[in-house]
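One structure below.
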Amino acid sequence: MASSQGSSPAIAHVYRGTFVHSTPHTALQILEDALLGVDTEGKIAFIGKGEELNKLSQSCGFSPSEVIQLAQHEFFMPGMVDTHIHAPQYSYAGTALDLPLLQWLNTYTFPVESRFKDLEFARSVYTQVVKRTLRNGTTTACYFATIHTDASLLLGKITNDFGQRALVGKVCMDINNAVKHYKETSEESQEETCRWYPLVKPVVTPRFALSCSADLLEQLGAIAKNNNLHIQSHISETIEEVNVVKKLFPDSESYTDVYLKHNLLTDKTVMAHGCHLTDEELALFRETGASLSHCPNSNISLCSGMLNVRNVLNHKVKLGLGTDVAGGYSASMLDAVRRTLDTSKVLTIQEPDYCTLSFEEVFRLATLGGSQALSMDDHTGNFEVGKDFDALRVNVAAPEGPIDLVQVDEPKVCDDRNIVEVYVAGRKVVPFE
Ligand code: GUN
Ligand code: FE
1 MASSQGSSPA IAHVYRGTFV HSTPHTALQI LEDALLGVDT EGKIAFIGKG
51 EELNKLSQSC GFSPSEVIQL AQHEFFMPGM VDTHIHAPQY SYAGTALDLP
101 LLQWLNTYTF PVESRFKDLE FARSVYTQVV KRTLRNGTTT ACYFATIHTD
151 ASLLLGKITN DFGQRALVGK VCMDINNAVK HYKETSEESQ EETCRWYPLV
201 KPVVTPRFAL SCSADLLEQL GAIAKNNNLH IQSHISETIE EVNVVKKLFP
251 DSESYTDVYL KHNLLTDKTV MAHGCHLTDE ELALFRETGA SLSHCPNSNI
301 SLCSGMLNVR NVLNHKVKLG LGTDVAGGYS ASMLDAVRRT LDTSKVLTIQ
351 EPDYCTLSFE EVFRLATLGG SQALSMDDHT GNFEVGKDFD ALRVNVAAPE
401 GPIDLVQVDE PKVCDDRNIV EVYVAGRKVV PFE
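When we follow UniProt numbering, the leftmost residue of the sequence shown carries the number 1, and every step to the right adds one.
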């Protein structure tokens, strides 16, 4: 678009219109008639006011005639961050929600995941889940794959091909008494983890304490530590699970302590659920800098519990939202936003003094909060100069959307159909080429 000024990269695109995002201090900030410039490296080069167009065009080196003007009923928001999603489970999303967690895993999840040894099956499901989540506005996803290294690498390649920012976890599990062929030995799990992690943006993934021997947990903690890697797992999702962990790890003071003892609780750890964590355990999360992924659709669908998000935030523990497909039946982060609000309101119904989450706070959890939970907030999560331009162009009056045009000036209930364009690091990734 313009020649480079000095040593900074040239401006590639400038957008003018409404921008909505969160900052650490303001849950929802609305910038009206703003100008945002994206450079040739996909980073936000400047944010200014529309009235500063002439000044900015001169100082940043772009032509005012090339500015892309949003329509009146359009705005940009940051791309959403799904902090917990099982890519293989997309193949049965929306079904099999009639059993509690541990039986659900044995009956549905493990048999399906074992099929991902077949790379063609994996390719077909992984392509669908990446395309679907991108269309739904998930610009960053933290995936569980399966125990199969090659299929997990394929998931990394597919996210890369479609331009989704992703952490990809090869699942590690050396205990499975229900589907005996769907597990590895501890040695295989370690060797395969070391083969897989240099080739993707990796997240070390012990499935959960019930699927991993103490030896495997310890070795995975060491691999993560020695290579400064992200870690993800599940914690305190159901009461039954917490009780089994107590029996299996009698020397640990709590479920959190099991992970802590094995060096799996770090400032690059994200743990899903945490519905039944105690305040003492939340204090350990705070001390270590580990974060939680709140997955309300899954927690309700599997009757697992309800996370008290307000209490987590009061403990100053980092928290993002997750779809947890297929414990959660929806691959949409907008659904995660709505379920988060619903759960918070159910807690308020039960306890009228409960400090209900506001929609502004939940918007922040779906965007900036998720990037913080994944320790990626230095380069994504909101519209700050220097960060990558990960953004959704939302058209409240999209022709295929759920709102009638005559109601454009009325209160609005948007859904995924209102997301008309998706950008990751400045590159338009939706609509697909
Ligand atoms: N705990 C261990 N594995 C899983 C899983 O695949 N989904 C959920 N929701 N919880 C788990
Ligand atoms: Fe999960």
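Ideal Cβ positions, reconstructed from N, Cα and C, are used throughout, including at glycine.
Computed from a predicted model, the values in this text were never measured in an experiment.
For residue i and residue j, I'd like the C-alpha separation in whole angstroms.
| i | j | result |
| --- | --- | --- |
| residue 285 | residue 209 | 17 Å |
| residue 387 | residue 195 | 31 Å |
| residue 358 | residue 179 | 43 Å |
| residue 372 | residue 293 | 11 Å |
| residue 3 | residue 199 | Residue confidence is low: residue 3 scores 48 on pLDDT, short of 50, so the model does not pin down where it sits. Its coordinate-derived value is still stated next. Their backbone Cα atoms lie some 35 Å apart in a straight line. |
| residue 365 | residue 327 | 20 Å |
| residue 88 | residue 24 | 34 Å |
| residue 132 | residue 270 | 23 Å |
| residue 298 | residue 7 | 48 Å |
| residue 97 | residue 396 | 33 Å |
| residue 112 | residue 12 | 44 Å |
| residue 295 | residue 63 | 45 Å |
| residue 186 | residue 336 | 34 Å |
| residue 99 | residue 91 | 18 Å |
| residue 244 | residue 47 | 52 Å |
| residue 129 | residue 228 | 28 Å |
| residue 379 | residue 157 | 21 Å |
Around the C-beta of residue i, are 16 or more other C-beta atoms found within 10 angstroms, so that it is buried, or is it exposed?
| i | result |
| --- | --- |
| residue 369 | buried |
| residue 355 | exposed |
| residue 409 | exposed |
| residue 69 | exposed |
| residue 230 | buried |
| residue 405 | exposed |
| residue 432 | exposed |
| residue 323 | buried |
| residue 279 | exposed |
| residue 211 | buried |
| residue 377 | buried |
| residue 181 | exposed |
| residue 303 | exposed |
| residue 103 | exposed |
| residue 118 | exposed |
| residue 39 | buried |
| residue 439 | Coverage of the chain is limited to positions 1 through 433, which leaves residue 439 absent and any answer about it impossible. |
| residue 349 | exposed |
| residue 308 | buried |
| residue 434 | Residue 434 is absent from the structure shown; the chain starts at 1 and stops at 433. |
| residue 247 | exposed |
| residue 51 | exposed |
| residue 382 | buried |
| residue 385 | exposed |
Rounded to whole angstroms, how far is the Cβ of residue i from the Cβ of residue j, which I believe are closer than 8 Å?
| i | j | result |
| --- | --- | --- |
| residue 425 | residue 389 | 7 Å |
| residue 420 | residue 398 | 6 Å |
| residue 362 | residue 347 | 13 Å between Cβ atoms; not a contact. |
| residue 320 | residue 83 | 4 Å |
| residue 238 | residue 35 | About 49 Å separates the two Cβ atoms, so there is no contact after all. |
| residue 448 | residue 291 | With the chain covering only 1 through 433, there is no way to say anything about residue 448. |
| residue 205 | residue 170 | 6 Å |
| residue 49 | residue 33 | 7 Å |
| residue 177 | residue 110 | That belief does not hold up - the Cβ atoms of residue 177 and residue 110 are roughly 10 Å apart, past 8 Å. |
| residue 415 | residue 334 | 6 Å |
Confirm, please, whether the CB-CB distance from residue j to residue i is below 8 Å.
| i | j | result |
| --- | --- | --- |
| residue 77 | residue 20 | yes |
| residue 153 | residue 126 | no |
| residue 268 | residue 375 | yes |
| residue 213 | residue 174 | yes |
| residue 260 | residue 220 | no |
| residue 258 | residue 249 | yes |
| residue 37 | residue 27 | no |
| residue 429 | residue 163 | yes |
| residue 236 | residue 289 | no |
| residue 283 | residue 262 | no |
| residue 145 | residue 168 | yes |
| residue 137 | residue 42 | no |
| residue 417 | residue 74 | no |
| residue 85 | residue 325 | yes |
| residue 256 | residue 240 | no |
| residue 201 | residue 147 | no |
| residue 193 | residue 223 | yes |
| residue 81 | residue 16 | no |
- Item | Length-filtered (4 minimum) alpha helix (DSSP H) runs lying within the segment 70 to 131 | Counting only runs of 4 or more, we get 101 to 104, 110 to 114.
- Residue ranges of each alpha helix (DSSP H) run of no fewer than 4 residues wholly in the segment 217 to 266, ordered along the chain? Runs found: 239 to 248, 255 to 261.
- Sequence ranges, alpha helix (DSSP H) only - wholly within the segment 323 to 406, length at least 4: 333 to 350, 359 to 364, 370 to 373
- Query: In chain order, which continuous runs of the beta strand (DSSP E) of length 3 or greater are located wholly inside the segment 287 to 324?
  - Reply: 291 to 294, 319 to 321
- At 4 residues or longer, and completely inside the segment 163 to 201: list those alpha helix (DSSP H) runs for me, N to C. 186 to 196
- Task: With a floor of 4 residues, list each alpha helix (DSSP H) that falls wholly inside the segment 4 to 79, ordered by position along the chain.
- Result: 53 to 60
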